[in-house]
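Note that the sequence shown covers residues -26 to -1, 1 to 519 in mature numbering (1 follows the signal peptide of the UniProt record, and there is no 0). Right, one structure below, let's go through it.
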Amino acid sequence: MVKPIFSTLGFTRLLALAAMLPLALSIDCNNWSMRYKKFLDGVCVCNSTVACDTFPNGYLKLSSGQVGVYRTTRDGERFRYETATFVAGSSADADLTIDASTTYQTIIGFGGAFTDAAAINVYKMDSTTQKMILDAYYSTDGIQYTTGRIPISSTDFSTSIYSYDAIVDDFDMSDFSIDGDKTSGTHKLDLIHRVLDMTERKLSIFASSWAPPVWMTKENSTLNCHMKGSPGETYWKALALYYSKFITAYEKEGISIWAMTTQNEPSEPAIKLNSWQSLRFTATTERDFIKKDLGPRMKADHPNLKLIIMDDNKSNLLSWLAALEDDEAAQYVDGVGIHWYSDADFPLGIGGSFSDLTTFHTKYPNVFMLGTEACEGYIPDWVVTSTGAGVKLGDFNIGWWRAHNYAKDIINDLTSFVSGWTDWNLVLDTNGGPNWAKNYVDAPIIVDETNGNEIYKQPMYYVMGHFSKFLTPGSVRLKFTAASGSKSRLSDVDWTAFLTPEGQYVAILFNKGDGEETVKIMAPSGKLVQVVIRPTSIQTVVFNK
């Protein structure tokens, strides 16, 4: 577990010591909570008195013979940084070999969603703690996210249902307004502006809608709703205009939208368990909407915008190809968005659908795949293979298992041609909200909404950082294979490797097992680096080209 930092010191002395630490240095994890008056196993706690743990940036200063190794373990290490050196040996000694001559997909990025809930929670905190949250995600001392998802109007992670045009049959969108996103009710625009002002990396922002204005729906409700009319007709053209108006409005606020998805989770569930905003349609309806309404509208109004189809569970992927099988629709499509909810937690060992990703890439090599949403804490506690529902702050076993699922899904997505992975809410409160539908889930960072001066960085946050920090946009995946004699021994280890635009090789290794493994990696230069992979851990290995 995460050991109590300075546990032999009095807590008052700990606070004083933390205050004296130079901010230029890496700061270790503290897990004492002022709110709960105890140590929270597996969690790193930051508050207005004790500085947040920070990311050691030694990988930026590696010499030609050095290797940087970052490690996060179930036993409590968080971004533990060490250096190694290359060792003598030949290809016959290598367990894993990086082949830089064989390249695959290019990275778009990693990040999270700017939901109403995330913005509300950030602005519940005092100014010092607000900065800690933003630094953790976007500063050079944090994990430097490079993607962001913006909901088009409300989701269940809002405090109410709303749209940007409530005037019935306003087909010209003359009453369209995003003023609600500027208010103190959400602070959503304020939050995004602060992120854009502070980040040193380009942020690829994409937009997604959960439901249209209620007056466009057959049910006069946005819950599991269906559009009036058919694609090509008045209501669908108004919906395309609604989306275009949103992108224009945000761009006028200085927020460039890189892409949009056609609809969040449009597939019709066999059993409708959810009761929040959801527009439902089929793959063929999506195809017709794209070629008759959305595609032409966006091509005219926002010609550089990327269009992402599906935006649904990866298990649906191979049955959701209608837009790509139609030339008129396919000309507008750039990518496909995938969620993990049908296979997260990998119940009964049958989850994953990763082979479907490879099948898709083989058929459509020029259409990128992007992980557009995932979270933990959405499966009921009574499901035997579940990690439980909602926030489980300080539950050591569940906290690590949720991080385990993140690592497993991300690394297998990457080795199956996916170009990035976007988490759901950036920040939630200790209840897993706010959420008007009471659909409470978990997030990598949780805030103390009661006192407004303490945040909790969970293991999921650190797993995300092992990818987002190092795999900058434009990084290219490389062939990374195991020697035949090492495959059995490394059966509990997943791995992937990339070359970054900055000229660094990055290898990420995830050990799912309880045994320690020593691995020799052959670099493209022909040199060997030896890495000890701790039990139940994730490690990122970095060296210069």
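Cβ coordinates follow ideal geometry from the N, Cα and C atoms, glycine included. Predicted model only: the values in this text are computed from it and were never measured.
Item: My parser needs the beta strand (DSSP E) runs of 3 or more residues fully inside the region 93 to 150; what are they?; Value: 121 to 126
Item: When the Cα atoms are used, what is the spatial distance from Leu291 to Asp171?; Value: 36 Å
Item: In angstroms with no decimal places, state the Cα-to-Cα distance between Ala25 and Thr114.; Value: 16 Å
Item: Candidates Pro408, Asn194 and Thr47: which alpha carbon is nearest Gly364's?; Value: Pro408
Item: The beta strand (DSSP E) that contains Arg45, what's its start and end?; Value: Gln40 to Thr47
Item: What does the Cβ neighbour count give for His200, buried or exposed, with the cut at 16 atoms within 10 Å?; Value: exposed
Item: Would you identify the three-state DSSP class for Asp308, choosing helix, strand or coil?; Value: coil
Item: Nearest-angstrom Cα distance between Thr510 and Ile385?; Value: 15 Å
Item: Pull up the distance between the alpha-carbon of Asp285 and that of Ile495, whole angstroms please.; Value: 36 Å
Item: Return helix, strand or coil for Ile231, following the three-state DSSP convention.; Value: coil
Item: I think Thr89 touches Pro125, with their Cβ atoms under 8 Å apart; what is that distance to the nearest whole Å?; Value: 6 Å
Item: Which residues in the same chain have their Cβ closer than 7 Å to the Cβ of Asn194, if we skip the five residues on either side of it in sequence?; Value: Val188
Item: Would you kindly report the start and end of the unbroken alpha helix (DSSP H) that includes Arg54?; Value: Premise fails: Arg54 lies in the beta strand (DSSP E), Arg54 to Val61, not in any alpha helix (DSSP H).
Item: If you drop the 5 nearest sequence neighbours on each side, which residues of the same chain put their C-beta closer than 8 Å to that of Met147?; Value: Asp139, Ala212, Leu215, Tyr216 and Lys219
Item: What are the start and end residues of each continuous alpha helix (DSSP H) run of 4 or more residues lying completely inside the region 422 to 491, in chain order?; Value: 433 to 442
Item: How about Ala62 and Val505: do their beta carbons lie closer than 9 Å?; Value: no
Item: Could you tell me whether any Cβ in chain B is nearer than 9 Å to the Cβ of Gly373?; Value: Chain labels in this structure do not include chain B; a single protein chain is all it has.
Item: Quick one, are the C-beta atoms of Thr389 and Arg451 less than 9 Å apart?; Value: yes
Item: Identify the continuous beta strand (DSSP E) that holds Asn413 and give its terminal residues.; Value: Looking at the DSSP string, Asn413 is not in any beta strand (DSSP E), and its letter there is neither H nor E.
Item: Measuring straight from C-alpha to C-alpha, what distance separates Pro498 and Lys453?; Value: 11 Å
Item: Which residue from Thr129, Gly459 and Ile507 puts its Cα closest to that of Ser65?; Value: Gly459
Item: Does the region 8 to 28 come close enough to the region 101 to 109 that 3 or more CB-CB pairs lie under 8 Å?; Value: yes
Item: Let me know the beta strand (DSSP E) ranges lying completely inside the region 194 to 243, each 3 residues or longer, listed in chain order.; Value: 233 to 235
Item: Give every residue of the same chain whose Cβ lies closer than 6 Å to the Cβ of Leu281, excluding the five residues on either side of it in the sequence, and list them in chain order.; Value: Tyr306, Val307 and Asp308
Item: Would a C-beta distance cut-off of 9 Å place Leu165 and Thr120 closer than the cut-off?; Value: no
Item: Among Glu225, Val467 and Cys18, which has the Cα closest to the Cα of Asp275?; Value: Glu225
Item: I need the straight-line Cα distance from Lys382 to Phe484, nearest angstrom please.; Value: 8 Å
Item: Roughly how many angstroms separate the alpha carbons of Ile372 and Thr361, rounded to a whole number?; Value: 6 Å
Item: Applying the criterion that 16 or more other CB atoms from any shown protein chain within 10 Å of the CB defines a buried residue, is Ser183 buried or exposed?; Value: buried
Item: Does DSSP classify Tyr10 as helix, strand or coil?; Value: coil
Item: Runs of 3 residues minimum, wholly inside the region 364 to 420: which ones carry the beta strand (DSSP E) assignment?; Value: 392 to 399 and 401 to 403
Item: Identify which residue in Ile81, Asp27, Val17 and Ser37 has its Cα closest to the Cα of Gly50.; Value: Val17
Item: With DSSP run on the structure shown, which of helix, strand or coil describes Ala296?; Value: coil
Item: Across which residues does DSSP place Phe517 in a beta bridge pair?; Value: Tyr479
Item: Quick check: what's the CA-CA separation for Ser137 versus Asn4?; Value: 42 Å
Item: Does DSSP put Ala(-3) in a helix, a strand or coil?; Value: In this predicted model, Ala(-3) has a pLDDT of only 36, less than 50, meaning its place in the structure is not dependable; the value taken from the coordinates is given anyway. Coil.
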